[in-house]
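What follows is a single structure, written as structure tokens, with notes after it.
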Amino acid sequence: MDLHIDSLTIEYTSGGYRVRPIDGLDLRVASGELVLLLGASGCGKTTLLSALAGILTPAAGSIRLGELDVTAMPARARTEYRRRTVGIVFQAFNLVPGLSALDNVQVPLWAAGVPGRTARRRAAELLERVGLGDRVGHRPSGLSGGQQQRVAIARALAHDPPLVLADEPTAHLDYIQVDRVLRLLRELAEPGRVVVVATHDERLLPLADRVVELSPRAAAEAAVPERRTLTGGEVVFSQGDRGELVYMVERGEIEIVRVRADGTEERLGHAGPGRYFGELAPLFGLRRSATARAATTSEITGYSPRDFRDRFGVDLARAPVGADAPR
Amino acid sequence: MWRVSVRDLLWRRRRFAIALLATGLVFSMTLLMSGISSSLHAQNRRIVRSFSADAWVVAKGTAGPFTASSAIPAAVSDAVAKLPGVRRADPIIVFRSTVGPGTLRDVNVLGYRPGGIGAPHVTSGRGLRAPDEVVADTTLGYRVGERVKLGGHPLRVVGLADAVTFYFGTPTLVLSIADVQRLAFAGQALASAIVTRGVPRAAASGLHVLTDDQVVHDLERPMKNSDQTLSLVNALLWIVAAGIIGSIVYLSALERGHDFAVLKATGATNRSLLTGLALQAVVLATAAALLAAVLAAFLAPIFPFTVSIPGGAYVSLVAVALAVGLLSSLAGLRRAVRVDPALAFGGA
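From first to last, the protein sequence lines stand for chains C and L.
Residue numbering for the first sequence follows our numbering, beginning at 191 and increasing consecutively.
Residue numbering for the second sequence follows our numbering, beginning at 107 and increasing consecutively.
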């Protein structure tokens, strides 16, 4: 079963504003591959995993796993899809504290109505496979972080799912514990199964068959300044876009607005000749947190942050922080 | 998924035990209330039936022999005895007084004609034979041969009778009608009512014939307020029980929010989670009902009169406990349904 992601866009509301962490993502992962979603916190890794798990419904685009069109499934079918087709390894292990390791692994089997004895046998086999055959009766509080994560991996494999999702699987592990978990994850990527791991831990890079960087790289290199002439109402950049340039207004006026969740706009400010805007996204590798558009016929020049600093002597990193607002 | 809920209950067993004890106590109170109410009604029926009378003849306009203070001449019994359908008629007197020595205690006083209708069933000692003798209810704690003073008049206890109580468990002294006439009517030959064997086919002028059921109904009329009070207290106790179970289930849902998100993310349906939570409420309510039955059995003897809990009260307790458990867990259930499985992602 291959994984196909086409033009995937995910939006949600946060703090009263519409956020689009994933915008037009395309990805093909072949059966047996392990793909790493790499990026800083907030870049949309977990959001993408939620969509792959059928928990979040994307605003546009599609996710297909083999013949299954995940994005077209109704809610009930998505629950069934999570139950049978997806195994999830959570960042904080997320084991149920009142259940033993054996019971925690049985949970997805119970949810699927697997008879008690069969579920028990399968869970015991999986715990044996992850090297915890002697810890079946222990509750999570009696297990180390690495052992808990291995129980979580065993739980994710309960139905032998063709898609395994792992969210920051090494986040709570020390270097000794991480070794076994990494090897287990690598072993999971076998023919008939796709493994998607979201992480900001670059130690995992050698594991991956494919790496997807979800954070836009901070623009560090000098680029040729980009001069643009805008008519009134023309958009310089939109909220949620990736951003590489800082803009200096040469002529006219640029207004900065932020789109609220209800579609209305909040005016953050405006920039006239000699003022600059849009520095945060290129500087820190973030998406644009506001939309900039020409209020009148205007002329602007875009610079890389380094070029901007060299030309104007402004240390953008030390400038007062604002949401891409004009200075 | 019910297994998850059962194991969660076991894991939080201390909290469960505390809730079980509290709910069990509350439920036992409701059982005792039912027992008290039932016993009070039962003793009214018992005292009326104990006369084995076919009819009660009272002054016209009088509600009944136990609640009215109006009297009729005792000699009326002779006229009543001659009425068609009547084989025998005897006068009785019912009034209330206090008995000593020592701390005065309220008592019902029943006067009957020795050898006539209304003789008590003596369980210890003997019946009345001579003046100034009394048969006492066993709850008074007197011994046969003991001397007591009824309204200052000395009497000797010659016999004891069980369960001769009415008016909210007030114990009864049974005397000869002559003694009671001396105490209540200054020796005048008066009576509260005439009890008959055989039903008079026509009432004598100025008199009124009542059946046992009418007499019981009359006797229970003053209990209407206390019945309502008991029902109200019972309802409040159910609400307290619902509050305890509801808060336990709600707390459980609150604490397990993250678990629910994980379970949903791994494919558990809302229905299976709700079943699990409702199961916790039902287990708690049912266990509390069982504990209540045991507690009530221990607490019932503490009351100053016999509290016998009817079998139906146990059945209805279990039924109401289940309803209370399920209803009170609604808030917790609502919360569980609203948990977003996406919460399972992200940090601890």
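Note that beta-carbon positions come from the ideal geometry of N, C-alpha and C, so glycine has one too.
Reduced DSSP category for residue i - H, G, I as helix; E, B as strand; rest coil
i	result
threonine 245(L)	helix
glycine 205(C)	coil
alanine 284(C)	Looking at the sequence shown, residue 284(C) is not alanine but asparagine. Asparagine 284(C): coil per DSSP, three-state reduction.
arginine 432(C)	strand
valine 110(L)	helix
alanine 185(L)	helix
serine 290(C)	coil
arginine 345(C)	helix
isoleucine 61(L)	Because chain L here runs from 107 to 454, residue 61(L) falls outside it and cannot be looked at.
arginine 440(L)	helix
serine 197(C)	strand
aspartate 324(C)	coil
leucine 126(L)	helix
glycine 336(C)	helix
alanine 409(C)	Since pLDDT at alanine 409(C) reaches only 49, below the 50 mark, its modelled position is unreliable, and no value is offered.
glutamine 445(L)	The residue you asked about is not glutamine; residue 445(L) is valine in the sequence shown. In the structure shown, valine 445(L) sits in coil (DSSP, three-state: anything other than H, G, I, E or B).
threonine 136(L)	helix
glycine 217(L)	strand
proline 510(C)	Low local confidence applies: a pLDDT of 49 at proline 510(C) is under 50, so the model's placement there is unreliable, with the coordinate-based value given in what follows. In this structure, proline 510(C) counts as coil in the three-state DSSP scheme.
aspartate 192(C)	coil
valine 322(L)	helix
phenylalanine 498(C)	helix
glycine 141(L)	helix
leucine 266(L)	strand
glutamate 443(C)	coil
valine 297(C)	helix
isoleucine 245(C)	coil
alanine 388(C)	strand
aspartate 238(L)	coil
valine 413(L)	coil
Beta-ladder partner(s) of residue i, from DSSP
i	result
tryptophan 162(L)	Val301(L) and Leu316(L)
arginine 417(C)	Thr491(C)
glycine 277(C)	Val354(C)
glutamate 455(C)	Val449(C)
arginine 400(C)	Val225(C)
methionine 438(C)	Tyr466(C) and Thr491(C)
serine 231(C)	Answer is none; serine 231(C) lacks a bridge partner.
glutamate 252(L)	Looking at the DSSP assignment, glutamate 252(L) forms no beta bridge with any residue, so it has no partner.
histidine 460(C)	Glu445(C)
aspartate 259(C)	Arg254(C)
arginine 477(C)	Arg432(C)
arginine 211(L)	Val205(L)
histidine 259(L)	Leu256(L)
arginine 272(C)	None, per the DSSP bridge assignment.
Residue i: first and last residue of the uninterrupted beta strand (DSSP E) it sits in
i	result
alanine 250(C)	250–255
proline 197(L)	194–206
alanine 484(C)	481–484
leucine 395(C)	Unbroken run through leucine 395(C): none, as it is neither H nor E.
valine 228(L)	228–231
valine 425(C)	425–427
Contact check, residue i vs residue j, beta carbons under 9 Å
i	j	result
alanine 347(L)	valine 430(L)	yes
glutamate 443(C)	glycine 462(C)	yes
glycine 244(C)	valine 276(C)	yes
proline 197(L)	alanine 299(L)	yes
glutamate 239(L)	serine 282(L)	yes
leucine 238(C)	alanine 398(C)	no
proline 237(L)	alanine 161(L)	no
leucine 435(C)	glycine 475(C)	no
valine 315(L)	tyrosine 218(L)	no
alanine 398(L)	valine 132(L)	yes
arginine 362(L)	aspartate 114(L)	yes
leucine 246(L)	arginine 211(L)	yes
isoleucine 341(C)	leucine 395(C)	Checking the sequence shown, residue 341(C) turns out to be valine, not isoleucine. Their beta carbons are not under 9 Å apart, which means valine 341(C) does not touch leucine 395(C) by this criterion.
glycine 433(C)	alanine 484(C)	no
leucine 360(L)	arginine 440(L)	no
threonine 317(L)	arginine 194(L)	no
Residue interval of the alpha helix (DSSP H) (run including residue i)
i	result
alanine 402(L)	376–405
arginine 118(L)	Looking at the DSSP string, arginine 118(L) is not in any alpha helix (DSSP H), and its letter there is neither H nor E.
alanine 359(L)	330–361
glycine 431(L)	417–434
glutamate 315(C)	306–319
leucine 239(C)	235–242
> Which whole runs of the beta strand (DSSP E) in the region 268–308 of chain L are 3 residues long or more, in chain order?
Replying inline: 276–282 and 299–303, all fully within the region 268–308 of chain L.
> Of all the alpha helix (DSSP H) runs that stay within the bounds of the region 356–382 of chain C, which reach a length of 4 or more residues?
Replying inline: Counting only runs of 4 or more, we get 365–378.
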